[in-house]
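Below you'll find the structure, written out as structure tokens, and then a few comments.
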Amino acid sequence: MKKSKKILRQELLYSALIEKCIYFKCYEFECVWMFVDLLQSILIVKIDEQTIDLTFDNISTLDFDNLEKVGLIEKIKDYEIEELNHDEDLRIRYKINLTKVKSNSPKIP
Numbered sequence: 245m246k247k248s249k250k251i252l253r254q255e256l257l258y259s260a261l262i263e264k265c266i267y268f269k270c271y272e273f274e275c276v277w278m279f280v281d282l283l284q285s286i287l288i289v290k291i292d293e294q295t296i297d298l299t300f301d302n303i304s305t306l307d308f309d310n311l312e313k314v315g316l317i318e319k320i321k322d323y324e325i326e327e328l329n330h331d332e333d334l335r336i337r338y339k340i341n342l343t344k345v346k347s348n349s350p351k352i353p
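Read in order, the letters of the sequence shown correspond to residues 245 to 353 in our numbering.
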């Protein structure tokens, strides 16, 4: 059975996040959005205060909402406006759901 584009996209994004989390030995990450205009935003993903490159096109809040909906990640903090830096419009902290990491995947310490 062929996987839908949505499922494939979720798996690719999740795999990229797992790979980076393993590299940084940290299972929490933050997503920071800066809105340029109505149709364009910039996403920065940070693990342990390090900005990472996911090499993944057009990531939106919906991608993370979908990962959360299926239990692969968990939202642990939605930052209030007062907590944002002056150039940030949205910041959310997530953690990888370690119970969903495949048993043959490298473990995150």
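Note that beta-carbon positions come from the ideal geometry of N, C-alpha and C, so glycine has one too.
For D292, the CB contacts under 6 Å within the same chain, skipping 5 residues up- and downstream, are F268 and C270 in chain order.
According to DSSP, residue pairing for T295 in a beta bridge involves K290. DSSP places C270 outside both helix and strand once states are collapsed to three, so it counts as coil.
In this structure V314 is exposed. Its beta-carbon is surrounded by fewer than 16 other beta-carbon atoms within 10 angstroms. Bounds of the alpha helix (DSSP H) holding D307 are T305 to K313. If the five residues before and after V280 are omitted, its C-beta is found closer than 6 Å to no C-beta atom of its own chain. In the DSSP assignment, no residue is bridged to V280.
Going by DSSP, Y323 is part of no beta strand (DSSP E) at all; its letter is neither H nor E.
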